[in-house]
Amino acid sequence: MNILKLLGQWLGSSGWNTALVQAGVTTKGRAESLTIANHVKRSRHAHEVSTISLIEYRIFINKIILTITLNQFDHQVTAAVLASLQRSAYESYTLSTPPAGVMDFNEWREDRRGNSPHFRYWDITLILELSLLLFVCSIRVANFSLYKEALRGILPWFFAMDHGNYARWVSVHMQDLECLRPDLQVAFDEGKFVVQKTSRAFSCIAQDHAHEQLNAVLKGDAGIIGILSNDDSFRRFLMAAPEIIKIIEGFEAKMLPQEVKCQKHNSESLSAQTIFETDCRNLKTIFEEIGNPFCSEAEELHNVNTREVAADAVVDTVMNIEGRGKEQFKNFVENRLVYGAPMDINETIPKNNYPLFSTKAYKQVNKSAVQVKSMKEECNIINRYVFACQTRKGNVDELFSFEFHDWPPSLAASETTMRPSTKSHLIGCLTKAINLDAESGTPDVDCKILDGAAVVHLLKAGMDTTTFGDYATDIFLPFVKREAASVGRLDIVFDRYAFFSPPPPPSLDSLVRHNETTFFLQVFPRQP
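All residue numbers for the sequence shown refer to full-length UniProt numbering, where the first residue is 1 and numbers rise by one.
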């Protein structure tokens, strides 16, 4: 799920959604939901078709894995289309270049990645989509080595795209996988890190997925929230849950009609293959009409649909984000996960905040220009009002007795907002207006009344103060003596909240109104 969100974050506002809608892969109402992965299957299908259109090159997956992947996933649409387009771009390059100067595919790809931000952006898109498909494929076919390779490929992107929780804990998970006991390593290599619940091909699921399905069987309609709140009930639930599941599954197998067992995956049906092939063909046609992103010779990065050029900061992101993610992942492992690491694993991972296509650009507002524009508009309105008063014999003096806005111009920041401020801004004005005694700094009074609760909150306890007695002796009483020395009488007032019979007791508000200041303490200076 998070890999889908990461892909949506990367592709947002790049024109990818519009291309999917034009190709008929999705509808206009569902297009935006693909970038936030509201529906896992639809989002995965969209990336799958895109990959096929781009995918005829095989850099880090072999033909068998690729064939399985492209026939079974939803993000395969985008991935497939992009790979096909990249291969087409390379064929165009070989036809337009003398045979002596033709580079092989990998050299040509690296050269284009270094010189064209647009090529690099869509090549990264293809790599991310293939990483997603390889990860799902590794679980479906129970291939542990492929599972680790897919995780190792996607992990740096969690750091680069500021997915902190996944960056931290997937790194821990990856470190655990690298340090398995020999017996666990053998079991996982045999495919026992996933669960096979059916006899269909390509249908293994992760253990947490299987656990959720078992929970759904146990919860029923009432749920297990009440069980989790009681330790004894929860322990009994953990002991009895496996047996309960066996009883339920045995009953259903005995009483419910048996389905015809099929060894094929549901995506191998003729209708599913036809839909997938049609989506790939249509999306590739749309990309060829709007321009193959791998054939672009432009030095800037632009939206494939609107041709809107991205900011220079986005271009810098595309050119540097891969290296930054790998560097962060390496530093995280060396500084937090190895034995004797200097940093705690829970320390904050610094964010990159890289700007992307979908990043809103902050526009600096020229306040002087806004004020001049507002004044011109107000002058225009005044002229119209004065002209209307003259033609209708209105009272011009009465017209100018009203403001044009909800607040005076001296307090307005713009036409629609009031100037923001804080109470601390009033301190300078108030201190100038108050005449204090230059010697003492306080008014000369005979009596003081202090709020006891406020005094307690004002006087903070020190490190050596551990009891109420220490607080009263060392902090509270010395403060009272200092205050009483300068006046003839000192009153310390406390509030007392008392509940009365008969029940029910009154509310706290009513107690405050009736019982406030029912207790006070008088302190008089000691007579000499």
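Even for Gly, the Cβ is constructed at its ideal location relative to N, Cα and C.
query, result
"Hey, how far is the Cα of HIS405 from the Cα of ARG419?", "13 Å"
"With DSSP run on the structure shown, which of helix, strand or coil describes HIS302?", "strand"
"Taking the Cβ atom as the reference point for each residue, do LYS284 and VAL81 lie within a distance shorter than 8 Å?", "yes"
"Closest to VAL455 by C-alpha separation, out of GLU483, PRO443 and VAL445, would be which residue?", "GLU483"
"Using a 10 Å radius around the Cβ and a threshold of 16 neighbouring Cβ atoms, would you call ASP123 buried or exposed?", "buried"
"DSSP on GLN390, reduced to helix/strand/coil?", "helix"
"By how many angstroms is the C-alpha of LYS367 removed from the C-alpha of PHE73?", "Because PHE73 sits at a pLDDT of 38, beneath the cut-off of 50, its placement in the model cannot be relied upon, and the following sentence gives the value as read from the coordinates. The straight-line gap from Cα to Cα measures roughly 52 Å."
"Where does the unbroken beta strand (DSSP E) through PHE494 begin, and where does it stop?", "489-494"
"Below 8 Å between beta carbons: does that hold for PHE188 and VAL170?", "no"
"Would you mind sorting residue 543 into buried or exposed? The rule is 16 or more other CB atoms within 10 Å of its CB.", "The structure shown does not extend to residue 543, since the chain is modelled only from 1 to 528, so the question has no answer here."
"Whose CA, out of ALA210, ARG109 and ASN331, lies closest to the CA of LYS197?", "ALA210"
"Which residue's Cα is closest to the Cα of GLY291: SER421, ALA19 and SER269?", "ALA19"
"In angstroms with no decimal places, state the Cα-to-Cα distance between LYS5 and LEU458.", "49 Å"
"Here's a check: name, in chain order, each residue in its chain whose Cβ is nearer than 8 Å to the Cβ of HIS118, leaving out the five neighbours to either side.", "PRO293, SER296, ALA298, GLU300, LEU301 and HIS302"
"Are at least three pairs of beta-carbons, each pair with one atom in the segment 13-32 and one in the segment 132-139, less than 8 Å apart?", "no"
"Let me check you understand the geometry: is the CB of THR18 closer than 7 Å to at least one non-hydrogen atom of the ligand MN?", "As presented, the structure is devoid of all ligands, the ligand MN included, so that no description of it is given."
"Just the C-alpha distance for GLN185 and GLU178, rounded to the nearest angstrom, thanks.", "9 Å"
"Taking the DSSP output, what are the residues bridged to LYS448?", "LEU490"
"With the cut-off set at 8 Å, would you say ALA160 and ASN352 are in Cβ contact?", "yes"
"What's the gap between the Cα of MET239 and the Cα of TYR339?", "37 Å"
"Excluding the five sequence neighbours on either side, which residues of its own chain have a C-beta within less than 8 Å of the C-beta of CYS389, listed in chain order?", "ASN395, VAL396 and LEU399"
"To the nearest angstrom, how far is it from the Cα of ILE382 to the Cα of MET375?", "10 Å"
"Can you find the residues in the same chain that come closer than 8 Å, C-beta to C-beta, to GLY266, ignoring five residues on each side of it along the sequence?", "Note on residue identity: the sequence assigns Asn, not Gly, to residue 266. The residues are ARG200 and ALA272."
"Is the Cβ-Cβ distance between LYS432 and VAL487 less than 8 Å?", "no"
"In angstroms with no decimal places, state the Cα-to-Cα distance between GLU252 and ARG30.", "37 Å"
"Check for me: the alpha helix (DSSP H) holding LYS264 runs from which residue to which?", "Here LYS264 belongs to no alpha helix (DSSP H), and DSSP marks it neither H nor E."
"What residues are listed by DSSP as bridge partners for VAL309?", "HIS302"
"If you draw a straight line from the C-alpha of VAL309 to the C-alpha of ALA89, how long is it?", "22 Å"
"Take the Cβ of ALA167 as the centre, count every other Cβ of all protein chains shown within 10 Å, and call the residue buried at 16 or more, exposed below.", "buried"
"With a CB to CB cut of under 7 Å and the five nearest residues on each side skipped, what residues in its chain are close to ALA150?", "SER131, LEU134, PHE135 and SER138"
"Find out if the Cβ-Cβ distance for the pair LEU128, LEU7 is shorter than 8 Å.", "yes"
"Tell me where the alpha helix (DSSP H) around ARG396 begins and ends.", "Checking the sequence shown, residue 396 turns out to be Val, not Arg. Segment 396-399, the alpha helix (DSSP H) holding VAL396."
"Per DSSP, which one or two residues make a beta bridge with MET418?", "ALA412"
"Less than 8 Å between the CB atoms is what I'm expecting for SER14 and PHE357, so what's the real figure, rounded?", "5 Å"
"Report the rounded CA-to-CA distance for ASN62 versus HIS45, giving the unit in angstroms.", "Caution is warranted here: a pLDDT of 38 is assigned to ASN62, below 50, making its placement in the model unreliable, and the coordinate value is therefore given only provisionally. So the alpha carbons of these two residues sit roughly 21 Å apart."
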